[in-house]
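> Once you've had a glance at the structure underneath, I'll fire off some questions.
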Amino acid sequence: MARIQLVLPDEDRDRFSHEAHVEGISLSEWLRLAAKERMQRSVDRQRFGDADEVATFFKWCDTNQSGGTEPDWAEHLDTINASRRQGMSET
Numbered sequence: 000m001a002r003i004q005l006v007l008p009d010e011d012r013d014r015f016s017h018e019a020h021v022e023g024i025s026l027s028e029w030l031r032l033a034a035k036e037r038m039q040r041s042v043d044r045q046r047f048g049d050a051d052e053v054a055t056f057f058k059w060c061d062t063n064q065s066g067g068t069e070p071d072w073a074e075h076l077d078t079i080n081a082s083r084r085q086g087m088s089e090t
């Protein structure tokens with residue numbers, strides 16, 4: 000097994016150690032798991048390989064829509080402005 004030296008701020012070390020303790024594992028194991036999770040996220044968001052994959056993706060999106068229509072810009076603005084007015088006094 001390889002040994003890696005890691006330099007990090009004391010605050011990070013303390014936070015990471017605390018999380019490892021809460022999970023009942025060593026700091027080394029916690030760091031290994033965190034690195035593996037990050038690598039998996041990278042794999043999970045693979046890019047399209049070619050134009051056919053892009054077309055297939057958009058066909059999938061079209062078949063999985065809720066059937067509703069997108070509100071026009073005026074409706075979006077009304078929603079934004081109503082949200083801004085929430086909690087404001089009427090004076």
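So the sequence shown is numbered by numbering that gives the first Met the number 0: it starts at 0 and just counts up by one.
Cβ coordinates follow ideal geometry from the N, Cα and C atoms, glycine included.
Values in this document were obtained by computation on a predicted structure and should not be read as measured data.
1. Hey, would you say E36 sits closer than 8 Å to W29, going by beta carbons?
2. What does the alpha-carbon distance come out to for the pair E52 and R46?
3. Under 8 Å Cβ to Cβ from F56, same chain only, skipping five residues before and after it: list those, please.
4. So, with DSSP's three-state summary, where would you put A54?
5. Ends of the alpha helix (DSSP H) at V42?
The answer reads as follows:
1. For the 8 Å CB-CB criterion, E36 and W29 do not form a contact.
2. Taking the straight line joining both Cα atoms gives about 9 Å.
3. Sequence-distant partners of F56 (beyond 5 residues in either direction) whose C-beta falls short of 8 Å from its own C-beta, in its chain, are F47.
4. Shown here, A54 sits in a helix according to DSSP, grouped into three states.
5. Start and end: 26-43.
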